[in-house]
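Asks: Can you read through this structure? Questions will come right after.
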Amino acid sequence: MMKISVITVSFPLDGETLNELRTLCEEATIHDYRVYETIMNIPLAGSFESKGFMVLAYDDDKDLLVGAASAIDLMGLYTYEWSLVVLPTYRRMGIGTALVEVLQAGLLERGAEGQLALVIDGSPYGHTFIENCCYTYSFSEATLETKAEPVVLQDEVIIAAYAGEQAELVSIYSEAFGDLPDESLELITFNTSNNGRNLWIAHKDGKVVGTVTTAEENEVQWVTALAVHPMYEGQGIGTALLLFTKNYASQIGAKHVMLDVEIENRKALSVYEKAGFMKAQQIDYYVKK
-13 MMKISVITVS FPLDGETLNE LRTLCEEATI HDYRVYETIM NIPLAGSFES
37 KGFMVLAYDD DKDLLVGAAS AIDLMGLYTY EWSLVVLPTY RRMGIGTALV
87 EVLQAGLLER GAEGQLALVI DGSPYGHTFI ENCCYTYSFS EATLETKAEP
137 VVLQDEVIIA AYAGEQAELV SIYSEAFGDL PDESLELITF NTSNNGRNLW
187 IAHKDGKVVG TVTTAEENEV QWVTALAVHP MYEGQGIGTA LLLFTKNYAS
237 QIGAKHVMLD VEIENRKALS VYEKAGFMKA QQIDYYVKK
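In terms of this note's numbering, the sequence shown opens at residue -13 and continues consecutively.
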């Protein structure tokens, strides 16, 4: 009879465990035609700055990692995003259910105030499994990608590193995201105090008109918190910020620029496509009933 052991390991993970996880994700990717490495947070799991943990399932007889669940608090606000993957030959054996049970205990132990379960669109069994675990669909995000490359930037839009334009940023975040002032200040602090993250400000005619944050992840620069002041919408500010990120990524030696956008946000999708971004993957988000 097969013996499966399940353990919980906090970030950062050691190199050997990360390699086991990469192998697990690669085998699932080959079988499912879906890329699992990013959704399983492997690029972040080895960092001391990442707040999260993994639940690992091993076949003790073969000393083989056969399943894993990954949970991460990306913003440090006790809201965790999690996903799991099981080796194709070990599916339908209850391993996924065991991973979820241990993961929920881990979230409780860490004082999680909220959680989102992530499923790659089109993954076999994924949606049915998560719904059977009493989660319900909430929304979907598309991951868009483009090459990092030199770009001729607009002269009339000047983009530079954040230099204390706090009041203007709070106003922009409030208008764009509906954030409360305290939430905006937390976002500014997060984006200016973590290594690899850079907060950029767009100026036009001496006014703060937009913002974007870039975050380094290996050879990728991620784009996040892109926002344009409502008074300056439709003037190419968003496109200018995106082109700037492509140019910046090229200057520092990154290969790709990526971002996530809700698929219902047609307006934003249009801006991203204009700047050369193409859909690479879709993630469906579920909340606990």
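The beta-carbon is built from N, C-alpha and C at its ideal position, and this holds for glycine as well.
#1: Do you know offhand how far N184's Cα is from T225's?
#2: Within this structure, are the beta carbons of P110 and D18 separated by less than 8 Å?
#3: Please report the distance separating the alpha-carbon of T65 from that of L93.
#4: Once the 5 residues before and after E23 are set aside, which same chain residues still bring their CB inside 6 Å of it?
#5: Output the distance between the C-alpha atoms of I223 and V138, rounded to the nearest integer angstrom.
#6: Have a look at the DSSP bridge pairing and note the partners of Q268.
#7: If you scan the segment 90 to 156 from start to end, which runs of the beta strand (DSSP E) of 3 or more residues do you find wholly inside it?
#8: Just curious, the alpha helix (DSSP H) that E2 is in, first and last residue?
#9: What residue ranges within the segment 157 to 199 form continuous alpha helix (DSSP H) runs of no fewer than 4 residues, ordered along the chain?
#10: Mind checking whether G32 and P(-2) have CB atoms under 8 Å apart?
#11: Nearest by alpha-carbon distance to W68: which of R77, L50 and M26 is it?
#12: Kindly indicate which residue of I28, I(-10), V(-8) and R20 has the alpha-carbon position closest to the one of N5.
#13: Select from K(-11), F34 and L63 the residue whose C-alpha is nearest the C-alpha of F176.
#14: Is Y76 helix, strand or coil when you go by DSSP?
#15: Using a Cβ distance threshold of 8 Å, determine whether the segment 249 to 258 contacts the segment 88 to 103, with at least three qualifying pairs required.
#16: Quick one: what's A211 bridged to in DSSP?
#17: If you draw a straight line from the alpha carbon of A201 to that of T83, how long is it in whole angstroms?
#18: Can you pull the DSSP bridge partners for G53?
#19: When the distance is taken between beta carbons, is S56 closer than 8 Å to M40?
#20: Could you spell out the range, first to last residue, of the alpha helix (DSSP H) harbouring S236?
#21: Are there 16 or more other CB atoms within 10 angstroms of the CB of A14, so buried, or fewer, so exposed?
#22: If I measure Cβ to Cβ from E95 and keep anything under 8 Å in the same chain, skipping five residues before and after, which residues do I get?
#23: Below 6 Å CB to CB, which residues in the same chain sit around A98 once its five sequence neighbours on both sides are set aside?
#24: State the CB to CB distance for the pair I81 and I(-10), rounded to an integer number of angstroms; the pair is presumed to be in contact (CB under 8 Å).
#25: Would you tell me roughly how many angstroms separate the C-alpha atoms of P136 and I144, rounded to the nearest one?
#26: Smallest Cα separation from A188: which of S160, F163, Q207 and Q140?
#27: Looking only at DSSP bridge pairs, what is E248 linked to?
Replies: With the structure as the only source:
#1: For this step, residue 184 is matched to residue 198 along the sequence shown. For this step, residue 225 is matched to residue 239 along the sequence shown. Between N184 and T225, the alpha-carbon positions lie close to 18 Å from each other.
#2: The count along the sequence shown starts at 1 and reaches residue 110 at position 124. The count along the sequence shown starts at 1 and reaches residue 18 at position 32. Their beta carbons are under 8 Å apart, which means P110 touches D18 by this criterion.
#3: Counting from one through the sequence shown, the residue named residue 65 turns up at place 79. Counting from one through the sequence shown, the residue named residue 93 turns up at place 107. Distance between the alpha carbons of T65 and L93 is about 9 Å.
#4: As a working note, residue 23 is residue 37 in the sequence shown. Cβ within range, chain order: C11.
#5: As a position in the sequence shown, residue 223 is number 237, starting the count at 1. As a position in the sequence shown, residue 138 is number 152, starting the count at 1. Cα to Cα, the separation comes out at about 14 Å.
#6: Within the sequence shown, the letter at position 282 stands for residue 268. Answer by DSSP bridge pairing, in chain order: A128.
#7: 100 to 106, 121 to 133 and 144 to 147
#8: Position 16 of the sequence shown holds residue 2. Taken as a continuous stretch (DSSP letters only), the alpha helix (DSSP H) holding E2 covers G1 to D18.
#9: Runs found: 167 to 179.
#10: The residue given as residue 32 occupies position 46 in the sequence shown. The residue given as residue -2 occupies position 12 in the sequence shown. Against a cut-off of 8 Å, the Cβ pair of P(-2) and G32 comes out as a contact.
#11: Numbered from 1 along the sequence shown, position 82 holds the residue referred to as residue 68. Answer by Cα proximity: M26.
#12: Locating residue 5 in the sequence shown gives position 19, counting from the first residue. Comparing Cα positions, the closest option is I28.
#13: Position 190 of the sequence shown, counted from the start, is the residue given in the question as residue 176. Cα-wise, what sits closest to F176 is L63.
#14: On the sequence shown, position 90 is the one that residue 76 refers to. Three-state result, Y76: helix.
#15: Taking 8 Å as the limit for Cβ pairs, the verdict is that the segment 88 to 103 does not touch the segment 249 to 258.
#16: Looking up residue 211 in the sequence shown gives position 225. In the DSSP output, where bridge partners are listed per residue, A211 has none listed.
#17: Along the sequence shown, one-based indexing puts residue 201 at 215. Along the sequence shown, one-based indexing puts residue 83 at 97. Computed Cα separation, rounded: 33 Å.
#18: For the purposes of this step, residue 53 is identified with residue 67 of the sequence shown, where counting begins at 1. A43 and V72, per the DSSP bridge assignment.
#19: Your numbering for residue 40 matches position 54 in the sequence shown. Your numbering for residue 56 matches position 70 in the sequence shown. Their beta carbons are under 8 Å apart, which means M40 touches S56 by this criterion.
#20: On the sequence shown, residue 236 is found 250 positions in, with the first residue counted as 1. I223 to Q237 is the span of the alpha helix (DSSP H), which, as asked, contains S236.
#21: Locating residue 14 in the sequence shown gives position 28, where the first residue counts as 1. Within 10 angstroms of the beta-carbon of A14 lie 16 or more other beta-carbons, which makes it buried.
#22: Walking along the sequence shown from the start, residue 95 turns up at place 109. Same-chain partners within the cutoff: there are none.
#23: The sequence position of residue 98 within the sequence shown is 112, counting from 1. Excluding its 5 nearest sequence neighbours in each direction, A98 has C-beta neighbours in its own chain below 6 Å: Y64 and Y66, listed in chain order.
#24: Position 95 of the sequence shown, counted from the start, is the residue given in the question as residue 81. Position 4 of the sequence shown, counted from the start, is the residue given in the question as residue -10. Contact between I81 and I(-10) holds, with the beta-carbon distance rounding to 6 Å and staying under 8 Å.
#25: Counting from one through the sequence shown, the residue named residue 136 turns up at place 150. Counting from one through the sequence shown, the residue named residue 144 turns up at place 158. About 16 Å.
#26: In the sequence shown, counting from the first residue as 1, residue 188 sits at position 202. Nearest of S160, F163, Q207 and Q140 to A188, Cα basis: Q140.
#27: Residue 248 sits at position 262 when you count from the first residue of the sequence shown. DSSP lists E127 as partners of E248.
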